[in-house]
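Asker: Protein sequence lines, in the order shown, are assigned to chains A and B. Sequential numbering of the first sequence, starting at 0, is according to numbering that gives the first Met the number 0. Sequential numbering of the second sequence, starting at 0, is according to numbering that gives the first Met the number 0. Questions regarding the structure given below will be posed in turn.
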Amino acid sequence: MTDNTTLLVGPFNRVEGDLELRLDVQDGRVAAAYANSPLFRGFERIMEGKAPMDALTIVPRICGICSISQSMAAAMALADFAGKTPSPDGAKVAQLLHMVENVSDHLMHFNLFFMPDFARPVYADRPWHGRAVDRFTAAKGSALKRATEARAGLLHIVGLLGGKWPHTLAIQPGGVTRAPSARDKVRLSADLAAFRSYLEEVMFGAPLERFLELETLDQVSGWETGDVALFLSIAQDLSLEGSGLGSGRYLSFGAYPSPNGPVFERGTLVEGASGPLHPEQIVEEISHSWMLGEAAHPSNGMTRPDEEMRDEAYSWCKAPRLAGLTYETGALARQAIDGHPLATALAREGSVRARVLGRVLELARTQVEMERLLASIDPRAPFMRHVKLPSDGEGVGLVEAARGALGHWMRVEGGRVTSYQIIAPTTWNFSPRDERGVPGPVEAALVGAPVRAGEDTPISVQHIVRSFDPCMVCTVH
Amino acid sequence: MNILWLQSGGCGGCTMSLLCAESPNLMDLFDAAGLEFLWHPSLSEASGAEVRDLLQAIEDGAQTLDILCIEGSIIHGPKGTGRYHMLGGTGRSMLDWVQSLAPKAAHVVAVGTCATYGGVTSAGDNPSDATGVQYDGRHSGAALPATFRSRAGLPVINISGCPTHPDWVTETLMLLASDALGAEDLDSYARPRFFADNLVHHACTKNEFYEYKASAEELSQMGCMMEHLGCIGTQAVGDCNIRLWNGEGSCTRAGYPCINCTAPEFEEPGHGFTETPKFAGIPVGLPTDMPKAWFMALASLSKRATPERVARNATADRILVPPSVKSRKND
């Protein structure tokens, strides 16, 4: 490896959407990283001038992988704008749909996006390589096929209740458009049971409840069954517990709200200390973004792309900060903020391994929650409540997508949307530098990543980037 | 046949939908049909420099390309440069790549309504100046000219839908692989006729309500959604209610209207997506191939003939009145 060089890495695949990285490399390690989201479509601009209800059709189409999360945030913002809440059982159906999408994303990330890198020839000398090739070769491995089939089966729940996936219109501010019958309920429970079987037979190789009993890093390191064990042995061999370390700051908007509070708690976690979340302290900065205007809270924000693409900037992504600081968001953050002991320990580690295990843990926990939620749905109840929108006002929808905190801020004047601002999870995680020159979370996590001799797309960088499970189409939107 | 799949200015949802292919799963289906990805952004191992080398080889003619699939709108902005969407690591816009690679492909397939006609990415004031690959809305001629023909002699094959049904994509690719898709198998917007010769209305479970114009007044009610809730299933092409989605789903079965997502310019209906525009109380968009006067006459007649069962169920969220069951004689 020459001492100092710059690498331009892209197209970066097995992430959702477009990503390009610029890496300054010194002495065989990444010295600085710059994450570019190279696609601008302008959904926030598209919403300006529309009737507010059009959001339910338009904004899910920001993203084909987090479509229901976008629906949920839009429906919640509209309900907030109207000062109404959905019918309780309608809200449960919407949440079940949301959980299914989040679980399906975690499953796909592990099997189709993340693990295939370990089947690369660069690891041919490792003891686990043969198994990784058999299970996880991209587009061919046996684990990928099983995961794809299990995911398609799980998404039958969205087919039945939501018509199709992605891009359903079933989720509305007043509830959902289809009232499930008792027959639907048993069919859905069969779909959930099939998915549990897959998880227990293939991914975990044991009852989920056994995995959920794990509380410490030592205990999880001793897990011996399923593809999770294969990942753990690879992680140990490659020291992924020390790779891609984060800042130790996490945030969650709280997942799946219910009358008793969210299923997974809202808040922040900073170097092990939990605290409340103050959304009013969010500011989107644009010093290194190809955007015009001022840094602003999203309720006062604007999206004016810089057509000149000025030299000081390098991404269409804005830089959201909470009280001036970067935060990491995602399954690890959500589970740690919810106080699960294993997640708390993993959040302290803050590594490639921790992010992947955070998702694995959430996969198991959410399966249990989906079963509980479905059982609580009363087929005799109303699933929709009439919601009439006022002509003027504001609404906010804060939800947790698979990849973390997703917020919609909407302002309506004279029956038309005058401002619609969105901060997606990957906007947080893949933000560019801010006004103080502080890099975004993935940019910071890449510093120190080893670059092997002759590598132009360093394998360590690929692991770190994919450990965040970026959704680049949501990032800029 | 090999496939290069590029994602342009879209949401990736057509790939996500494609992965929902069942019986068999996508990978086994490809194996059996002799289809393989040269590269796919969500599925392939290759990243970064390996991909740039592949694209270069196709451009130079060193690598033969059978099928080029493009998902997502083609972004022309700002000011016609295409720089709102640069293909990472290449320093070139996706617009430039598509124009360069399309002539190399035996077939060019646009996947989804963004890639076919512009779609939702081109909604509103179209901030990124998005079009489809060969169509800009209803007009032929966009990133590729109206006269473009791929090496095999076909225009861009437009698998529209937002998203596409997984089978629409896999079956189009299998037909191409078996040399069984010709110009006569495409409709006037270049959509494969095997799905576009059907209407969403066909096999809609609300058809009995439609027959009597027994209408739902609000979402979640069971009646026909044409009169009040914006449903365009009687005009929209697609076999959505015949083959169904994700098991047993479809938009209308889930209780919300067909918004005609397989059509050019569906993203700007000129009214709310779940509202029916009316003139003097009469829906503006009636079935296209039926004389209006006949439709009105039949509608008013059938409305008056509506059975109590159908009328009551139409505004309920579940069946209130079951069909009457004839009792056996001598009971």
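Every residue gets a Cβ at the ideal spot worked out from N, C-alpha and C, and that includes glycine.
(1) Run down chain B in chain order and give the residues with a C-beta less than 8 angstroms from the C-beta of Glu-15/A.
(2) Just to confirm, is the Cβ distance from Glu-47/A to Val-416/A under 7 angstroms?
(3) At a CB-CB cut-off below 7 angstroms, which residues of chain B make contact with Ile-64/A?
(4) For Met-0/A, which residues in the same chain have their Cβ closer than 7 angstroms to its Cβ, ignoring the five residues on either side in sequence?
(5) Suppose the cutoff is 6 angstroms on Cβ atoms and the five residues either side in sequence are ignored; what does the same chain contact list for Thr-305/B look like?
(6) In whole angstroms, what is the alpha-carbon distance linking Val-119/B and Ile-258/B?
(7) Within 7 angstroms of any Cβ in chain A, is that where the Cβ of Ser-46/B sits?
(8) Roughly how many whole angstroms lie between the Cα atoms of Phe-194/B and Cys-250/B?
(9) Using a 10 Å radius around the Cβ and a threshold of 16 neighbouring Cβ atoms, would you call Lys-387/A buried or exposed?
(10) Have a look at Ile-64/A and Pro-40/B and give me their C-alpha separation to the nearest angstrom.
(11) Check the DSSP bridge columns for Pro-191/B and list the partner residues they point to.
(12) Measuring alpha carbon to alpha carbon, tell me which of His-84/B, Leu-67/B, Ser-219/B and Ala-262/B ends up nearest Ala-253/B.
(13) Check whether chain B comes within 7 angstroms of Phe-11/A, counting only Cβ atoms and requiring the distance to be less than that.
(14) Could you check whether the Cβ of Pro-37/A sits closer than 7 angstroms to any Cβ belonging to chain B?
(15) With distances taken from CA atoms, which of Cys-62/A, Leu-22/A and Thr-4/A is nearest Gly-16/A?
(16) Report the rounded CA-to-CA distance for Asp-27/B versus Ala-32/A, giving the unit in angstroms.
(17) From this set, Phe-252/A, Leu-216/A and Tyr-249/A, which residue's C-alpha is nearest Gln-235/A's C-alpha?
(18) Report the residue from Leu-243/B, His-164/B, Pro-126/B and Phe-294/B whose alpha carbon sits nearest the alpha carbon of His-84/B.
(19) Answer yes if the region 84-100 of chain A comes into contact with the region 379-397 of chain A, meaning at least three C-beta pairs across the two stretches below 8 angstroms, and no otherwise.
(20) At which residues does the beta strand (DSSP E) containing Phe-429/A begin and terminate?
(21) Classify Thr-14/B: buried if its beta carbon has 16 or more other beta carbons within 10 angstroms, exposed otherwise.
(22) Which residue marks the beginning of the alpha helix (DSSP H) containing Arg-333/A, and which one marks its end?
(23) When DSSP builds the beta bridges, which residues end up paired with Asn-299/A?
(24) Given Ala-322/A, which residues of its chain have a CB within under 6 angstroms of its CB, disregarding the five upstream and five downstream residues?
(25) Would you mind working out which of Pro-261/A, Leu-324/A and Thr-302/A sits nearest Trp-315/A, comparing C-alpha positions?
(26) Taking the alpha carbon of Ser-16/B as the point to measure from, which residue in Asp-104/A, Leu-372/A and Ala-374/A has its own alpha carbon closest?
(27) My guess is that Leu-20/A and Ala-34/A are in contact by the Cβ rule of under 8 angstroms, so how many angstroms apart are they, rounded?
(28) Please identify the residue among Ala-169/A, Gly-174/A, Met-107/A and Trp-164/A whose C-alpha is closest to the C-alpha of Arg-145/A.
(29) Quick one, are the C-beta atoms of Gly-243/A and Ile-463/A less than 7 angstroms apart?
(30) Does the count of Cβ pairs from the region 354-364 of chain A and the region 426-435 of chain A closer than 8 angstroms reach three?
(31) Determine the extent of the alpha helix (DSSP H) in which Leu-373/A is found, giving its start and end residues.
(32) Please compile the residues from chain A whose C-beta is within a distance smaller than 8 angstroms of the C-beta of Phe-36/B.
(33) Helix, strand or coil for Ser-466/A? Go by DSSP, reduced to three states.
(34) Looking at the C-beta of Asp-316/B, does it have a partner C-beta in chain A at a distance below 7 angstroms?
Answerer: Taking the geometry as given:
(1) Gly-11 and Ser-41
(2) yes
(3) Gly-11 and Met-15
(4) Reliability of the predicted coordinates at Met-0/A is poor, the pLDDT of 45 falling under 50, and the value obtained from them is presented with this limitation in mind. Around Met-0/A: Gly-27, Val-450 and Ala-452.
(5) Tyr-211 and Ala-213
(6) 12 angstroms
(7) yes
(8) 16 angstroms
(9) exposed
(10) 14 angstroms
(11) Leu-185/B
(12) Ser-219/B
(13) yes
(14) yes
(15) Cys-62/A
(16) 39 angstroms
(17) Leu-216/A
(18) Pro-126/B
(19) yes
(20) Where Phe-429/A is concerned, there is no enclosing beta strand (DSSP E), given that its DSSP letter is neither H nor E.
(21) buried
(22) 330-336
(23) None; Asn-299/A has no bridge partner.
(24) Gln-280
(25) Thr-302/A
(26) Asp-104/A
(27) 6 angstroms
(28) Met-107/A
(29) yes
(30) no
(31) 351-375
(32) Ala-138
(33) helix
(34) yes
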